[in-house]
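*Asks:* There's a structure below that I have some questions on.
Number of protein chains: 2
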Amino acid sequence: MDTWLDEKQKAAWVRLAAVLELLPAALDSQLRRDAQLTHFDYFVLAMLSEAPNRTLRMTALAELTTATLARLSHVVQRLETRGLLERFPCPEDKRATNARLTGAGWQKVAESAPGHVATVRENVIDALSPEQVAQLTDIADAILHRLDPDRARAAIYERYD
Amino acid sequence: MDTWLDEKQKAAWVRLAAVLELLPAALDSQLRRDAQLTHFDYFVLAMLSEAPNRTLRMTALAELTTATLARLSHVVQRLETRGLLERFPCPEDKRATNARLTGAGWQKVAESAPGHVATVRENVIDALSPEQVAQLTDIADAILHRLDPDRARAAIYERYD
DNA sequence: CGCGATTAGTTGTTGCTACAACCTAGCTCG
DNA sequence: CGAGCTAGGTTGTAGCAACAACTAATCGCG
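Heads up: the sequence lines are chains L and C, in that order. Counting with the numbering used here, you get residues 98 to 258 for the letters of the first sequence. Counting with the numbering used here, you get residues 98 to 258 for the letters of the second sequence.
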């Protein structure tokens, strides 16, 4: 448990830090350009598109998207204005709000998914060998154990993007 | 070259996407809390602290930090206001601006580095075996080749954080 | 059954980032 | 040598995210 990182650790960290900076920017800019959506917007719509009845409670959606409720609330508001989803009070629990994908929202996901997946392929998956893909899975999993110890959001790890 | 990802690829991507969301947030919040600095602010100061005379031209600093000049300009302006660095015209090229770390800036880096490195250790390095650290280096490198094909910013990969 | 604590969500403000417009200094080539 | 082009930066604006304050509904427990 030294304070500093040794050379090999630095090499890994510096590269990871660069990926952390560049990859989200690349994903965002492709989706913005081709679908007028941020990556987070897309992710929200994608999660809804896979949910039963294309509907989820705000809290559930927040967990799936790794976001705070406050952030999600703002985003959902904008997406609702654009007609991509709609909100309605949850019948079982009057505190809760449900978000449901509209037809237009479904279509938006269908249209934009191929381009997004292609970007993920080009920049990540196709850059790696199958062994590296497996290694990456384990590495990311180990990091997530530290970042999210109680696996509160474990659900997401089973799901598609 | 299919359109979709297979199960193993999805597993890797979903986890990486979660890391991309959570890790920067974790780094930012530690530095904000303990040093009133964003991770990007810290990185800027750290790069200057290692440069000859603690001075760099804006363009060079932008490359090292993987940022646009516009973004850097705003950040440097704020850091200058806080007295952590200073700007002055470059004597050799009158178009250019140099940024130099002040004493206060140096001290800020010295104070905050251990806490930051500890966070990187806790969440990343110490979560991985030495083999995984090596694997991560290669994986991140492969991804960076796609994101940054001409290696315009290759300099950074040699440096410490 | 009623009062405090918790859960669910919204909204306002502030700060950072992206994008585009702009300006000045140096370079290049007829 | 000067007209246009490129390089190096700055600034303004608009949009998204973090944080904190707030409301309303429900739970829990004496």
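For every residue, glycine included, the Cβ atom is placed at its ideal position computed from N, Cα and C.
Hey, is L/Leu117's beta-carbon within less than 9 Å of any beta-carbon in chain C?
*Replies:* For L/Leu117, the answer is yes, since a Cβ of chain C falls inside 9 Å of its Cβ.
*Asks:* Terminal residues of the continuous alpha helix (DSSP H) containing C/Thr162?
*Replies:* Its alpha helix (DSSP H) spans residues 155 to 162.
*Asks:* Mind listing which residues of the region 102 to 115 of chain C have their C-beta closer than 7 Å to chain L's C-betas, in chain order?
*Replies:* The region 102 to 115 of chain C vs chain L, Cβ under 7 Å: Leu102, Lys105, Gln106, Lys107, Ala108, Ala109, Trp110, Val111, Arg112, Leu113, Ala114, Ala115.
*Asks:* Is there at least one Cβ from chain L nearer than 9 Å to C/Glu219's Cβ?
*Replies:* Chain L contact via Cβ: present.
*Asks:* C/Glu189 by DSSP, collapsed to three states: which one?
*Replies:* Three-state DSSP puts C/Glu189 in coil, outside helix and strand.
*Asks:* Should C/Asp138 go down as buried or exposed, given a rule of 16 or more other Cβ atoms within 10 Å for buried?
*Replies:* Answer is buried; the Cβ neighbour count reaches 16.
*Asks:* What does L/Leu163 reach in chain C if we use C-beta pairs closer than 8 Å?
*Replies:* Contrary to the premise, residue 163 of chain L reads as Thr rather than Leu in this sequence. Within chain C, the residues near L/Thr163 are Ala115, Glu118, Leu119.
*Asks:* Once DSSP output is grouped into helix, strand and coil, what is the label at C/Arg179?
*Replies:* Coil.
*Asks:* Is L/Ala132 near the ligand FAD, judged by its Cβ being under 8 Å from some heavy atom?
*Replies:* Ligands in the displayed structure: none, and consequently the ligand FAD is not present.
*Asks:* Can you give the Cα-Cα distance for C/Leu244 and L/Asp131, rounded to whole angstroms?
*Replies:* Roughly 18 Å separates the two Cα atoms.
*Asks:* Helix or strand or just coil, what does DSSP make of L/Ala196?
*Replies:* Note: L/Ala196 maps to strand in three-state DSSP.
*Asks:* Is the Cβ of L/Phe94 closer than 9 Å to any Cβ of chain C?
*Replies:* Look at the range of chain L in this structure, 98 to 258, and you will see that residue 94 of chain L is not part of it.
*Asks:* Which residues mark the beginning and the end of the alpha helix (DSSP H) in which L/Thr234 is found?
*Replies:* Looking at the DSSP string, the run of the alpha helix (DSSP H) that includes L/Thr234 is 227 to 244.
*Asks:* So, does the CB of L/Thr156 fall closer than 9 Å to a CB anywhere in chain C?
*Replies:* No, its Cβ sits nowhere closer than 9 Å to a Cβ of chain C.
*Asks:* At a Cβ threshold of 9 Å, is L/Ala215 touching chain C?
*Replies:* Output row for L/Ala215: interface = yes.
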